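There are 4 protein chains.
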Amino acid sequence: MRAKLHEIIFEADTATGKWFDIVLIWSILISVSLVLLESVERIENLYGSQIYAAEWFFTILFTIEYCLRLMVVKRPLRYAISFYGLVDLLSIVPSYITFIHPDSHYFLLIRILRVMRVFRVLKLAQFNKEGQVLLKALLRSRHKIIVFLGAVLSVIFIMGATMYVIEGAENGFTSIPRGIYWAIVTMTTVGYGDIAPQTTLGQIVASIVMLLGYGILAVPTGIVTAELSRGNLQPAGVADEISTQSCPGCGSEGHNPDARYCRLCGDPL
Amino acid sequence: MRAKLHEIIFEADTATGKWFDIVLIWSILISVSLVLLESVERIENLYGSQIYAAEWFFTILFTIEYCLRLMVVKRPLRYAISFYGLVDLLSIVPSYITFIHPDSHYFLLIRILRVMRVFRVLKLAQFNKEGQVLLKALLRSRHKIIVFLGAVLSVIFIMGATMYVIEGAENGFTSIPRGIYWAIVTMTTVGYGDIAPQTTLGQIVASIVMLLGYGILAVPTGIVTAELSRGNLQPAGVADEISTQSCPGCGSEGHNPDARYCRLCGDPL
Amino acid sequence: MRAKLHEIIFEADTATGKWFDIVLIWSILISVSLVLLESVERIENLYGSQIYAAEWFFTILFTIEYCLRLMVVKRPLRYAISFYGLVDLLSIVPSYITFIHPDSHYFLLIRILRVMRVFRVLKLAQFNKEGQVLLKALLRSRHKIIVFLGAVLSVIFIMGATMYVIEGAENGFTSIPRGIYWAIVTMTTVGYGDIAPQTTLGQIVASIVMLLGYGILAVPTGIVTAELSRGNLQPAGVADEISTQSCPGCGSEGHNPDARYCRLCGDPL
Amino acid sequence: MRAKLHEIIFEADTATGKWFDIVLIWSILISVSLVLLESVERIENLYGSQIYAAEWFFTILFTIEYCLRLMVVKRPLRYAISFYGLVDLLSIVPSYITFIHPDSHYFLLIRILRVMRVFRVLKLAQFNKEGQVLLKALLRSRHKIIVFLGAVLSVIFIMGATMYVIEGAENGFTSIPRGIYWAIVTMTTVGYGDIAPQTTLGQIVASIVMLLGYGILAVPTGIVTAELSRGNLQPAGVADEISTQSCPGCGSEGHNPDARYCRLCGDPL
Chain U
0 MRAKLHEIIF EADTATGKWF DIVLIWSILI SVSLVLLESV ERIENLYGSQ
50 IYAAEWFFTI LFTIEYCLRL MVVKRPLRYA ISFYGLVDLL SIVPSYITFI
100 HPDSHYFLLI RILRVMRVFR VLKLAQFNKE GQVLLKALLR SRHKIIVFLG
150 AVLSVIFIMG ATMYVIEGAE NGFTSIPRGI YWAIVTMTTV GYGDIAPQTT
200 LGQIVASIVM LLGYGILAVP TGIVTAELSR GNLQPAGVAD EISTQSCPGC
250 GSEGHNPDAR YCRLCGDPL
Chain G
0 MRAKLHEIIF EADTATGKWF DIVLIWSILI SVSLVLLESV ERIENLYGSQ
50 IYAAEWFFTI LFTIEYCLRL MVVKRPLRYA ISFYGLVDLL SIVPSYITFI
100 HPDSHYFLLI RILRVMRVFR VLKLAQFNKE GQVLLKALLR SRHKIIVFLG
150 AVLSVIFIMG ATMYVIEGAE NGFTSIPRGI YWAIVTMTTV GYGDIAPQTT
200 LGQIVASIVM LLGYGILAVP TGIVTAELSR GNLQPAGVAD EISTQSCPGC
250 GSEGHNPDAR YCRLCGDPL
Chain P
0 MRAKLHEIIF EADTATGKWF DIVLIWSILI SVSLVLLESV ERIENLYGSQ
50 IYAAEWFFTI LFTIEYCLRL MVVKRPLRYA ISFYGLVDLL SIVPSYITFI
100 HPDSHYFLLI RILRVMRVFR VLKLAQFNKE GQVLLKALLR SRHKIIVFLG
150 AVLSVIFIMG ATMYVIEGAE NGFTSIPRGI YWAIVTMTTV GYGDIAPQTT
200 LGQIVASIVM LLGYGILAVP TGIVTAELSR GNLQPAGVAD EISTQSCPGC
250 GSEGHNPDAR YCRLCGDPL
Chain S
0 MRAKLHEIIF EADTATGKWF DIVLIWSILI SVSLVLLESV ERIENLYGSQ
50 IYAAEWFFTI LFTIEYCLRL MVVKRPLRYA ISFYGLVDLL SIVPSYITFI
100 HPDSHYFLLI RILRVMRVFR VLKLAQFNKE GQVLLKALLR SRHKIIVFLG
150 AVLSVIFIMG ATMYVIEGAE NGFTSIPRGI YWAIVTMTTV GYGDIAPQTT
200 LGQIVASIVM LLGYGILAVP TGIVTAELSR GNLQPAGVAD EISTQSCPGC
250 GSEGHNPDAR YCRLCGDPL
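Chains as they are written, first to last, in numbering that gives the first Met the number 0: chain U, 0 to 268; chain G, 0 to 268; chain P, 0 to 268; chain S, 0 to 268.
Following this line, the structure appears as structure tokens:
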């Protein structure tokens, strides 16, 4: 019985398991949409009570699901303190707290973290594999990205301070941190325009910052592309793939297709 | 007779067929330009009647062309419900409706869809092949792009909600959807500046969003580049090419150069 | 004598030829800077006469140079109607016209074209070769870029018209051309913020346009990168290099290192 | 004794050397943060004296460190006039000058250069190597980047002048340099919106500039990616790696792992 429930709740191999996942994804998406709508004052005033009712419906649904997950795994504590265990818990606790303490402003933020639960349910093999390829390329290039980010941040610091000295408080550059904020806005080519250089010298320095930001965008792109291209040349081995199996002991995922025991708690899969 | 007309209207192998295509492309471009000009109030007031007359001229021209296309193919219904058949129909219907119902505001939008007809006429072999290479690279990388888009949208949701909590309604972040709109504007480095963070904490979070948006642009670029480079390594086989032949039965296109029967209705090409 | 002058003026093989080139580049850069300064009203009021004198000095210098070039080549007319021959002429004519007709406003624009002369002088072998590699990669990928640009422009047209219908004149979208201008500003991630969507539906459509513009930036980058990478794999053959030789007959450039006769007029090099 | 101190101060091989480096990095980061905070008027008014005291603490710390570095190397003058020797000196001098001359506004800028000292301490082998790979790819592609930048700057000059003529002073384009500033802001897709085209013709030219800037971003990315990918294909040789050894004679770094003598002053390492 427990093994069967585990199959349904944690895995997506059986028809019932797939249905469970689809229902769960829709529940998550609808409940996140409710959080969005609740924050719009006009809608909250009109349909506040309906949203409140729906919120409670989904909270109870997710509570039942959380309890089932706890019951079904052999090591409930291990699941409870795992990353997704905490996300699962965080998606139900805020609603109970607002029952006692009605100011839900900050809890809206925590409730929106539910959106991350979609990823845990999305265990469709193809997407999982592609995500792994991307993650691996990013991981392999992390040293280069850190070096690049360090260099960019140094330039941003020095340019921000330079603009603070050149433009001064009367043109909106009231402090070095504000100059750094401007340098980030400019170098990433966002360009809000809330702070813009007014003096001739400031505009010359700003032009250099822009051309620099425009040009060095090539560097992270080059890093990631080179890693992804390198990945193409290697044959896709068995070790690259992961199964949709979930450990019945601790609920952990990401096991290799040929794995017969959980790599975290040693239980047979 | 019908076979000959089919050759001229649907294909670009003969001199007459090429002339037909060139005349059609110019008619489409001019009629789309008329839609643009009609929407400018000043020009509409001055030259309204001339534009109205020209619009009717092109509508009748496209109606004749549409009827010819229907007559020339063996299975008119099949053509009529195909994608390009519907685009062809949509480019003439709105003008007739405005004859009965004069408020053409919304029909301008449908009439501008005519611009898509250019692609159906542009069957010049070279461009068609290049477009296929691009489409294939995009198709092959669709799983990676969906995973990437999912991750980006989650970050945008969480960051938008965070800014709503930090900045609040007094700084323009009136609801979470509006925060999400700001997060999209910032992360894609568009940066209108209509909503911009005012508090120190908000500007720090915004800086992180910008650097993130600037950096992860590398990921889709890397994905597409790696796919396009991989395409370079493979020999361009016969199967990659498509002929400019169009099926005389249903008007469908995109047949292989060695195809002798339509892959959709089985008629000989 | 003429052969010697030709060596100095058109080529950069000898020491005198190199000196001539360096003096010419500095003259061009200074005279372009003068055009910039002349357009600044405050500087024009203060140093107007000095700038005027310097402008005449450079005009006479470039006139002498132009006459020398005409005298030194065997087919002066052929040089005069070549691309760089026209640029050379355009850099001196406007100054003489302003002598007769004093409103120099529009001629400032033509005089700034002098900046293009720098490229004709910059015949340093290394840069020339690198420029050739870039140009070739861009040329090889021109079909893909045209297909991409066509698709992007269609999306821009349709999105611009959609926003015109959704937002309407009261939110700044006064006509479809203006909507298209907004779509270009948004899709290229420039984002001035002079026109920004105000309605909820408009902001949703704008979000899609932004994500689209952010994502498809990957496509041209992928195209160019794949071409440049492909170039890396090929051995750099003799035919890829070009010499700094200039034809004594017509002044044309870009000859192969092993060329003994001008490919355009047949004169021995 | 001196050899031992040299090991600790200049290198990171021993445990003490690593501790020294970690303490130094934190001192640099904290002292840079103090400069940032000092520039914020509100914080300066509240905690001015504490920041002043902390600044003196770090200045004395860095002075002691600088003196130790001078004492420990065999050729102090050579170290003093090296790049990092000057950075080390510049990070302590401004504080002493403000003791005599209290207006610290401009010296804040020099003191923020301290952030560059982090790079000299960060000699962790892995990062150093990755930084080398990036630098080499950038160096190898410098000719292509210069050619590209030259072409872009020419387009920016010509477009800036064109917009000055089209839009004129009444729409914010008061001079050609200002038009060039606008062209840089637009072409790099920053788009502050402080100067934006108002006339129809100006908006058409601006659209071309935007599409150009959006498209040619592909070129530098392509250049850097192609270089980084080429680097992948080559085997990583010994010559590519550098050790964390620092010369006891002149304090210079970047020696090969198999180097036994300093390549700059000939001292044994």
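Cβ coordinates follow ideal geometry from the N, Cα and C atoms, glycine included.
Note that this is a predicted model, so its numbers are computed, not measured.
### Query
Which residues, taken in chain order from the stretch 178–204 of chain U, show a beta carbon closer than 7 angstroms to some beta carbon of chain G?
Y180, I183, V184, T187, T188, V189, G190, Y191, G192 and D193
### Task
Buried or exposed for G/L133, please, with buried defined as at least 16 other CB atoms from any protein chain shown within 10 angstroms of its CB.
Stepping through the second sequence from its first residue, residue 133 of chain G is reached at position 134. Around the Cβ of G/L133, a 10 Å sphere holds 16 or more other Cβ atoms; the residue is buried.
### Task
Can you say whether S/M162 is buried or exposed, counting buried as having 16 or more other CB atoms within 10 angstroms of its CB?
The residue labelled residue 162 of chain S in the question sits at position 163 within the fourth sequence. Label assigned to S/M162: buried.
### Query
Where does P/P219 sit, in a helix, a strand or coil, going by DSSP?
Your numbering for residue 219 of chain P matches position 220 in the third sequence. Helix, per DSSP.
### Message
Tell me which residues share the same chain as G/V31 and place their Cβ nearer than 7 angstroms to its Cβ, disregarding the 5 neighbours each side in the sequence.
### Response
Sequence index remark: in the second sequence, residue 31 of chain G carries index 32 (1-based). Contacts found: I111, R113 and V114.
### Message
Would G/V71 and G/R116 qualify as a contact pair, given that the criterion is a beta-carbon distance under 7 angstroms?
### Response
As a working note, residue 71 of chain G is residue 72 in the second sequence. As a working note, residue 116 of chain G is residue 117 in the second sequence. No, the Cβ-Cβ distance between G/V71 and G/R116 is not below 7 angstroms.
### Task
Compute the Euclidean distance between the alpha carbons of S/F201 and G/I50, then round it to the nearest angstrom.
By 1-based counting over the fourth sequence, the position of residue 201 of chain S is 202. By 1-based counting over the second sequence, the position of residue 50 of chain G is 51. The displayed chain sequence assigns Gly, not Phe, to residue 201 of chain S. Their Cα atoms are separated by approximately 25 angstroms.
### Message
According to DSSP, is U/P267 part of a helix, a strand, or is it coil?
### Response
If you number the first sequence from 1, residue 267 of chain U lands on position 268. Strand, per DSSP.
### Query
Using the rule of at least 16 other Cβ atoms within 10 Å of the residue's Cβ for burial, across every protein chain shown, is S/T199 buried or exposed?
Residue mapping note: residue 199 of chain S aligns to position 200 of the fourth sequence, counting from 1. Burial call: exposed.
### Query
What's the C-alpha gap between U/I222 and U/S140?
Mapped onto the first sequence, residue 222 of chain U falls at position 223. Mapped onto the first sequence, residue 140 of chain U falls at position 141. Roughly 7 angstroms between the two C-alpha positions.
### Message
Measuring only the C-alpha atoms, how far is P/D12 from P/V22?
### Response
Taking the first residue of the third sequence as 1, we reach residue 12 of chain P at position 13. Taking the first residue of the third sequence as 1, we reach residue 22 of chain P at position 23. Computed Cα separation, rounded: 15 angstroms.
### Message
Tell me which residue opens and which closes the alpha helix (DSSP H) that G/M70 is part of.
### Response
Mapped onto the second sequence, residue 70 of chain G falls at position 71. G/M70 -> alpha helix (DSSP H) spans E40 to V71.
### Task
Give the single residue among S/V154, S/H5 and S/T173 whose Cα lies nearest to the Cα of P/R41.
Stepping through the third sequence from its first residue, residue 41 of chain P is reached at position 42. Closest by alpha carbon: S/T173.
### Message
Using a 10 Å radius around the Cβ and a threshold of 16 neighbouring Cβ atoms, would you call G/A168 buried or exposed?
### Response
On the second sequence, position 169 is the one that residue 168 of chain G refers to. So G/A168 counts as exposed.
### Query
Name the DSSP bridge partner or partners of P/Y260?
Reading the third sequence from its first residue, position 261 is the one you call residue 260 of chain P. P/Y260 is bridged to P/P267.
### Query
Closest Cβ-Cβ distance between S/T220 and chain U: below 7 angstroms?
Here residue 220 of chain S corresponds to residue number 221 of the fourth sequence, with the count starting at 1. Chain U contact via Cβ: present.
### Query
With respect to the alpha helix (DSSP H) encompassing G/H142, which residues constitute its N-terminal and C-terminal limits?
Along the second sequence, read from residue 1 onward, the residue named residue 142 of chain G stands at position 143. R141 to E166 is the span of the alpha helix (DSSP H), which, as asked, contains G/H142.
### Message
Less than 7 angstroms between CB atoms is the rule here; does S/H142 satisfy it with respect to chain P?
### Response
Working through the fourth sequence from its first residue, we reach residue 142 of chain S at position 143. Yes, because at least one Cβ of chain P sits closer than 7 angstroms to the Cβ of S/H142.
### Query
S/M115 versus chain A: which residues are under 9 angstroms apart at the beta carbon?
Note that chain A does not occur in the displayed structure, where the protein chains are U, G, P and S.
### Task
State the DSSP-derived secondary structure class of U/F106, mapped to helix, strand or coil.
Position 107 of the first sequence, counting from 1, holds the residue named residue 106 of chain U. DSSP places U/F106 in helix when its eight states are reduced to three.
### Query
For S/Y213 and chain P, any beta-carbon pair shorter than 7 angstroms?
Looking up residue 213 of chain S in the fourth sequence gives position 214. Output row for S/Y213: interface = yes.
### Nearest-angstrom beta carbon gap, P/V146 and P/L211 [assumed within contact, 8 angstroms]
Looking up residue 211 of chain P in the third sequence gives position 212. Looking up residue 146 of chain P in the third sequence gives position 147. No, P/L211 and P/V146 are not in contact; Cβ-Cβ is about 17 angstroms, not under 8 angstroms.
### Query
Using DSSP with H/G/I as helix, E/B as strand and the rest coil, what is S/A195?
Here the question's residue 195 of chain S lines up with position 196 in the fourth sequence. The answer is coil: DSSP assigns S/A195 none of H, G, I, E or B.
### Task
Use the C-beta contact count for G/H100: other C-beta atoms within 10 angstroms, 16 or more gives buried, fewer gives exposed.
Position 101 of the second sequence, counting from 1, holds the residue named residue 100 of chain G. Flag for G/H100 reads exposed.
### Message
For a cutoff of 7 angstroms on Cβ pairs, would you count G/T161 as touching chain P?
### Response
Numbered from 1 along the second sequence, position 162 holds the residue referred to as residue 161 of chain G. No - not a single Cβ of chain P is within 7 angstroms of the one on G/T161.
### Message
Strictly below 8 angstroms CB to CB, what residues from chain P border S/V146?
### Response
What you label residue 146 of chain S is simply residue 147 of the fourth sequence in a count that begins at 1. In chain order: F126, E129, G130 and L133.
### Task
Consult DSSP for S/F19 and reduce its assignment to one of helix, strand or coil.
Translated into positions along the fourth sequence, residue 19 of chain S becomes position 20. Of the three classes helix, strand and coil, the one that applies to S/F19 here is helix, per DSSP.
### Query
From G/T220 to P/V164, what does the alpha carbon distance come to, in whole angstroms?
Counting from 1 along the second sequence, the entry for residue 220 of chain G is found at position 221. Counting from 1 along the third sequence, the entry for residue 164 of chain P is found at position 165. G/T220 and P/V164 have their C-alpha atoms spaced approximately 33 angstroms apart.
### Query
Under 7 angstroms, do P/C246 and P/Y78 count as touching if we go by C-beta distance?
If you number the third sequence from 1, residue 246 of chain P lands on position 247. If you number the third sequence from 1, residue 78 of chain P lands on position 79. Taking 7 angstroms as the Cβ cut-off, P/C246 and P/Y78 do not qualify as a contacting pair.
### Residue of P/E54, P/Q131 and P/K73 minimising C-alpha distance to P/S94
The sequence position of residue 94 of chain P within the third sequence is 95, counting from 1. With distances taken between Cα atoms, P/S94 lies closest to P/E54.
### Task
Determine the contact status of G/L227 and P/A225, defining contact as a CB-CB distance below 7 angstroms.
For this step, residue 227 of chain G is matched to residue 228 along the second sequence. For this step, residue 225 of chain P is matched to residue 226 along the third sequence. Going by C-beta atoms, G/L227 is nearer than 7 angstroms to P/A225.
### Message
Taking 7 angstroms as the threshold (beta carbon to beta carbon), is G/I165 in contact with chain U?
### Response
Here residue 165 of chain G corresponds to residue number 166 of the second sequence, with the count starting at 1. Judged by the 7 angstroms Cβ criterion, G/I165 is not in contact with chain U.
### Task
Using alpha carbons as the reference points, say which of G/L138, G/H142, G/G47 and G/K128 lies closest to U/K269.
Lying outside 0 to 268, the shown extent of chain U, residue 269 of chain U is not represented and no answer is given.
### Message
Please return the same chain residues whose Cβ sits closer than 7 angstroms to the Cβ of G/S26, not counting the five positions on each side in sequence.
### Response
As a working mapping, residue 26 of chain G is identified with position 27 in the second sequence. Within the same chain, G/S26 has close Cβ partners F57 and L60.
### Query
In chain G, what lies closer than 9 angstroms to P/L216 by C-beta?
Here the question's residue 216 of chain P lines up with position 217 in the third sequence. Per Cβ cutoff of 9 angstroms: L216, P219 and T220.
### Task
Name the two residues that bound the continuous alpha helix (DSSP H) containing S/E6.
Here the question's residue 6 of chain S lines up with position 7 in the fourth sequence. Run containing S/E6: R1 to F9, per the alpha helix (DSSP H) assignment.
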